[in-house]
Every structure is written in structure tokens, then in C-alpha cells.
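Novice: Each residue of the sequence shown is one higher than the last, beginning at 40 in this note's numbering.
Glycine is no exception: its CB is placed at the ideal position from the N, C-alpha and C atoms.
All values derive from a computational prediction rather than experimental measurement.
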Amino acid sequence: CSDFYLKHRKESLDNKTIVEKDIDRALERTFNVLTRLGWFDPPEQQFYRQLTKADDDTPQSRKLSLESAQDSIILLKNVNRSMPLHIDPLINKKIALIEPTANATESMQESYFGKTPFLIDPGAAIKAMTAGKLIDVEFMNGCKIKDPDESGFSVTIELVRSADIVILFGGLDQSIEGESVDHTSITVPDIQLSLIHQLEKVVRSPIHVVIISDSGLDLTYIRVSP
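In C-alpha cells, the structure reads:
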């Protein structure tokens with residue numbers, strides 16, 4: 040998937056960082072895996088070559104995708120048993136949905152994904168659930184994923200002051216984790232932590248923080264925060 044080996048293979052051989060035996064060992068391991076997967080079997084014996092368009096996006100596939108997504112959710116803490124949220128108690132209340140990932144459909148799919156029949160981001164899901172109800176749902180782009188710009192903080196803080204429920208959607212995207220991109224930290228980007236810290240000072244009730252990430256993160260700050 041990357042051109043790293045093409046760019047550095049010969050140089051690594053020339054400067055003795057690696058030797059041909061290292062390449063042989065890597066190739067042997069690769070071809071062993073491909074053989075076990077059946078890549079070199081006759082096409083008629085390969086399971087995945089027998090699949091057709093009719094096997095794509097089946098009810099069973101959607102069910103498995105839903106179950107996989109549900110199983111990947113981790114509830115780190117639940118202050119005053121405030122989760123899950125129920126619709127009826129929210130009537131005549133205001134919900135503030137804070138970016139950066141409330142509308143981030145690409146972050147939901149992360150690095151590798153096929154063509155999807157539809158995408159429902161968190162913000163759209165909440166809007167759909169509250170549609171027709173006397174519930175005020177407002178969005179605010181508090182900050183970007185990692186851009187240190189805090190210019191959106193002040194208007195976000197004002198919205199949060201008047202909100203009964205605050206849900207902040209944070210996390211990572213492919214500018215931080217992805218093909219040929221490595222983390223420089225295992226924590227949530229500083230700008231997001233700074234926004235959470237500022238909002239904590241003005242909220243009426245605990246902030247609901249939702250992290251969308253393709254990898255594990257150190258959420259100590261969020262875990263120990265009251």
C-alpha cells in the first residue's frame with residue numbers, strides 16, 4: 040500500500056541495514072500467508088471469487104456491521120447514571136452538539152472501507168431521533184481535530200451555558216492515524232482537551248464526551264474529571 044519499500048529497499052541493502060536473507064525471510068512469510076489464504080489455488084476453488092454483486096450489502100452483512108459497531112463501543116464512565124439518554128425527559132430542553140466529529144462520516148469509517156449504501160453521522164442520528172419533538176438541538180464547531188485555533192471557543196461556551204445537555208464528539212481522523220501516518224502522542228489532541236476543560240467551567244451537568252478513533256487512546260483526563 041505504500042512506496043516506502045520501493046524508495047528505501049536498495050539504499051538499505053547498500054548500507055547493510057538489511058541483507059538479502061532478511062528480504063527472503065519476509066517474502067517467505069508473505070507467501071506462506073497467501074498460500075494459506077488460497078491465493079494460488081485454481082479460481083474455481085477460491086471462495087471469494089465465487090461471490091457476486093448479489094452478495095454485497097445483504098441484510099446479514101448489515102446486521103453484522105451493526106453488531107460490530109455496537110460491540111466496539113466502550114463506556115468509560117457514567118456519572119450519576121446519566122446514560123443512556125431518553126427522549127421524554129429531554130422535551131423542552133436544549134441539546135448542544137459540539138464538533139469536531141459530530142458530522143465526521145469519514146472518521147466513522149476510518150482507513151479502509153468499501154462503498155456504503157448510506158452514512159448516518161452522530162449529529163444526524165440525534166437530529167432524527169428528536170425530530171418532531173419539542174427538543175432544541177444545536178450544533179457548534181468548537182474546534183478542529185488538531186488545529187490549535189481556539190477562535191471557536193467563545194461562541195461554543197455561550198451555547199453550552201444555555202444548554203441542558205452537552206455532547207462533545209472528539210477523536211482522531213486520518214491526518215493523525217492512517218496509512219503512512221503515525222501517532223506522535225497517544226492522547227486526545229491538546230486543542231480538544233483544552234475545549235473540554237473550558238466547557239467544564241460553564242456546563243450545568245457533566246459533559247457527554249464521545250471519542251471516535253481507529254485506535255486506543257489515553258483518556259485519563261476524561262476518566263478522572265468529575
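Counting only the same chain and skipping the five closest in sequence on each side, list residues whose C-beta sits under 6 Å from that of residue 208.
Specialist: Within the sequence shown, numbered from 1, the residue matching residue 208 stands at position 169. So the list reads 140, 141, 161 and 249, once near-sequence residues are dropped.
Novice: If residue 150 and residue 218 are in contact, beta carbons under 8 Å, what's the gap, nearest whole angstrom?
Specialist: Start at 1 with the first residue of the sequence shown, and residue 150 comes out as number 111. Start at 1 with the first residue of the sequence shown, and residue 218 comes out as number 179. Yes, residue 150 and residue 218 are in contact; Cβ-Cβ is about 6 Å, under 8 Å.
Novice: What span of residues does the alpha helix (DSSP H) with residue 70 cover, start to end?
Specialist: Mapped onto the sequence shown, residue 70 falls at position 31. Run containing residue 70: 59-75, per the alpha helix (DSSP H) assignment.
Novice: If we call anything under 7 Å between Cβ atoms a contact, is residue 230 one with residue 187?
Specialist: Counted from its first residue, the sequence shown places residue 230 at position 191. Counted from its first residue, the sequence shown places residue 187 at position 148. In this structure, residue 187 lies closer than 7 Å to residue 230 by Cβ.
Novice: Would you mind listing the alpha helix (DSSP H) stretches within the stretch 92-148 that are 4+ residues and don't spill past its ends, in chain order?
Specialist: List check, alpha helix (DSSP H) in window: 98-110 and 144-148.
Novice: Mind checking residue 254: buried by the 16 CB within 10 Å criterion, or exposed?
Specialist: If you number the sequence shown from 1, residue 254 lands on position 215. Its Cβ having fewer than 16 others within 10 Å, residue 254 is exposed.
Novice: Candidates 183, 176, 224 and 193: which alpha carbon is nearest residue 205's?
Specialist: Along the sequence shown, one-based indexing puts residue 205 at 166. Selected option, being the one with the closest Cα: 176.
Novice: Quick check: the Cα distance between residue 251 and residue 163, rounded to an integer number of angstroms?
Specialist: The residue you call residue 251 lines up with position 212 of the sequence shown. The residue you call residue 163 lines up with position 124 of the sequence shown. If you take the alpha carbons of residue 251 and residue 163, they lie about 15 Å apart.
Novice: Mark residue 212 as exposed unless 16 or more other C-beta atoms lie within 10 angstroms of its C-beta, in which case mark it buried.
Specialist: Looking up residue 212 in the sequence shown gives position 173. Flag for residue 212 reads buried.
Novice: Quick one: is residue 167 buried, meaning 16 or more other Cβ sit within 10 Å of its Cβ, or exposed?
Specialist: Working through the sequence shown from its first residue, we reach residue 167 at position 128. Looking at its Cβ environment, which holds fewer than 16 other Cβ atoms inside 10 Å, residue 167 is exposed.
Novice: From the DSSP output, in three-state form, read off residue 255 for me.
Specialist: In the sequence shown, residue 255 corresponds to position 216, counting from 1. Here residue 255 sits in coil by DSSP.
Novice: Does DSSP put residue 218 in a helix, a strand or coil?
Specialist: Here residue 218 is taken as the residue at index 179 of the sequence shown, counted from 1. Coil.
Novice: Which whole runs of the beta strand (DSSP E) in the stretch 146-181 are 3 residues long or more, in chain order?
Specialist: Here the runs fully enclosed are 175-179.
Novice: Would you kindly work out how many angstroms separate the C-alpha atoms of residue 87 and residue 46, rounded to a whole number?
Specialist: Here residue 87 corresponds to residue number 48 of the sequence shown, with the count starting at 1. Here residue 46 corresponds to residue number 7 of the sequence shown, with the count starting at 1. Whole-angstrom Cα-Cα distance: 33 Å.
Novice: Quick one: grab the DSSP three-state call for residue 192.
Specialist: The count along the sequence shown starts at 1 and reaches residue 192 at position 153. Residue 192 falls in the helix class under three-state DSSP.
Novice: Relative to the C-alpha of residue 302, which residue among 172, 183 and 153 is closest?
Specialist: Residue coverage of the chain in this structure runs from 40 to 265, which leaves residue 302 outside it and unanswerable.
Novice: Alpha carbon to alpha carbon, how far is residue 49 from residue 222?
Specialist: Within the sequence shown, the letter at position 10 stands for residue 49. Within the sequence shown, the letter at position 183 stands for residue 222. If I take the Cα positions, the gap works out to 27 Å.
Novice: For the beta strand (DSSP E) containing residue 204, name the first residue and the last one.
Specialist: Residue mapping note: residue 204 aligns to position 165 of the sequence shown, counting from 1. Per DSSP, residue 204 belongs to the beta strand (DSSP E) from 204-210.
Novice: Closest by CA to residue 261, which one among 214, 70 and 116?
Specialist: The count along the sequence shown starts at 1 and reaches residue 261 at position 222. That would be 116, whose Cα lies nearest to the Cα of residue 261.
Novice: Taking buried to mean at least 16 other C-beta atoms within 10 Å of its own C-beta, is residue 146 buried or exposed?
Specialist: Here residue 146 is taken as the residue at index 107 of the sequence shown, counted from 1. Classification of residue 146: buried, given that the 10 Å Cβ count is 16 or more.
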